[in-house]
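Enquirer:
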Amino acid sequence: MCRFLLWIGILTCLSSGLLSAQQVADTSFQVDLATKSFPNSDGPVIAIDEGHHNFHTIQGRYQTFAWILRKDGYQIKGHKGKFNQQSLAQTDILVIANAIHTRNVKDWSLPNPSAFTHAEMDAVEAWVRTGGSLFLIADHMPFPGAAHQLASRFGFEMTNSFAFDKRKRNPEIFVRADSSLQSNLITDGQLPEQRIDTVVTFTGQGFYIPPEANPILSLSDEYVLALPEVAWQFEERTEFRPAADTHQLAYREYGKGKVVVSGEAAMFSAQISQGKYKMGLNQPEARQNIQLLLNIASWLASK
């Protein structure tokens, strides 16, 4: 454990440095799509949450996320305020990426209250149950704490953790060969060229899924979940849990609607720090993450 803590300490210094240097969207990264799902750009409306101090927004760290889906023909807009029946009525797919409570905007320590009021969670649950599609993304601590109550409405149990590979790999690579990447409707795609064989993530958390859900990325006993009191600060007293039976990406149907939950956010972004460190879709190893994002959107959009 001491050696593992030392390795985490080194990773902590690197990651803390990246955060302090500010992660920004890599605006130079471009994607060419061979085909367009909605050639007339009249696809389903995707609303990206920007009303809960989100770490990832359309004009910020999810600029590439929004750009790719817009290029595929979806109609992209920001959701600025609280969730309610009226605000969700004109939305087909709701994306919530790393929402956080006001208390934790500048303080990534415990406690991490819910980013959403009970009325908002009631509205989102009812909207999904009657046909809406939700893409809920909550990265490492403190973001799972902020999304835990909303995720539980759909049967997912988030851990307010950091998921670390004990094999000391960074970034994390999930492949079909060892079943860390599961075969299912989303990873197989509708056409041969949409098949996903490799997915790359960047730390994140591990969460538990309900029996009705289908895993996409699964964590094995080679992983450990670290639950610090302060983000990126790991000590001898930090709680560590086995990561077996937890997952980093999964999906399910819920009533007439659909839900996809991700425990990692950077995998769908293209970010750069200090003008040189690339993280997300702009990393060569992560290029199949682009098709994964398109497949997820396609599944959420289908009725």
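Its first residue numbered 0, the sequence shown is counted upward by one per residue in numbering that gives the first Met the number 0. Virtual Cβ for every residue (Gly too), placed ideally from N, Cα, C. For clarity, every value in this text was computed on a predicted model and none was experimentally measured.
1. Go ahead and label A33 buried or exposed: buried means 16 or more other beta carbons lie within 10 angstroms of its beta carbon, across all protein chains shown.
2. If you drop the 5 nearest sequence neighbours on each side, which residues of the same chain put their C-beta closer than 6 angstroms to that of E284?
3. Under a Cβ-count criterion, where at least 16 other Cβ atoms within 10 Å of its own Cβ denotes burial, should G274 be classed as buried or exposed?
4. Taking only three categories from DSSP, how would you classify F201?
5. Is G144 closer than 9 angstroms to I92 when the C-beta atoms are compared?
6. Is the beta carbon of G77 sitting closer than 9 angstroms to the one on I57?
7. Quick one: residues in its chain with C-beta nearer than 6 angstroms to the C-beta of A20, no 5 flanking neighbours on either side, listed in chain order?
8. Should K255 be counted as a contact of the ligand COA given a C-beta to heavy atom distance under 8 angstroms?
9. DSSP puts P214 in a beta bridge; with which residues?
10. Identify whether Q29 lies in helix, strand or coil by the three-state DSSP scheme.
11. Assign R286 to buried or exposed, taking buried as 16 or more other Cβ atoms, counted over all protein chains shown, within 10 Å of its Cβ.
12. Are the CB atoms of N213 and I195 nearer to each other than 9 angstroms?
13. How is the alpha helix (DSSP H) around I278 delimited, first residue to last?
14. Report the rounded CA-to-CA distance for T158 versus W231, giving the unit in angstroms.
15. Could you pull the start and end residues of the alpha helix (DSSP H) that L109 belongs to?
Expert: Looking at the atomic coordinates:
1. exposed
2. Closer than 6 angstroms at Cβ, skipping near neighbours: V199.
3. exposed
4. When secondary structure is reduced to three states using DSSP, F201 falls in the coil class, being assigned neither helix nor strand.
5. no
6. yes
7. In this predicted model, A20 has a pLDDT of only 47, less than 50, meaning its place in the structure is not dependable; the value taken from the coordinates is given anyway. Answer for A20: S272, Q273, listed in chain order.
8. With respect to the ligand COA, the structure offers nothing, as it holds no ligand at all.
9. According to DSSP, P214 shares a beta bridge with A249.
10. coil
11. exposed
12. Against a cut-off of 9 angstroms, the Cβ pair of I195 and N213 comes out as no contact.
13. Correcting the residue type first, residue 278 is Met in the shown sequence and not Ile. Segment 276 to 279 is the beta strand (DSSP E) holding M278; no alpha helix (DSSP H) there.
14. 15 angstroms
15. Element bounds for L109: n/a, residue is neither H nor E.
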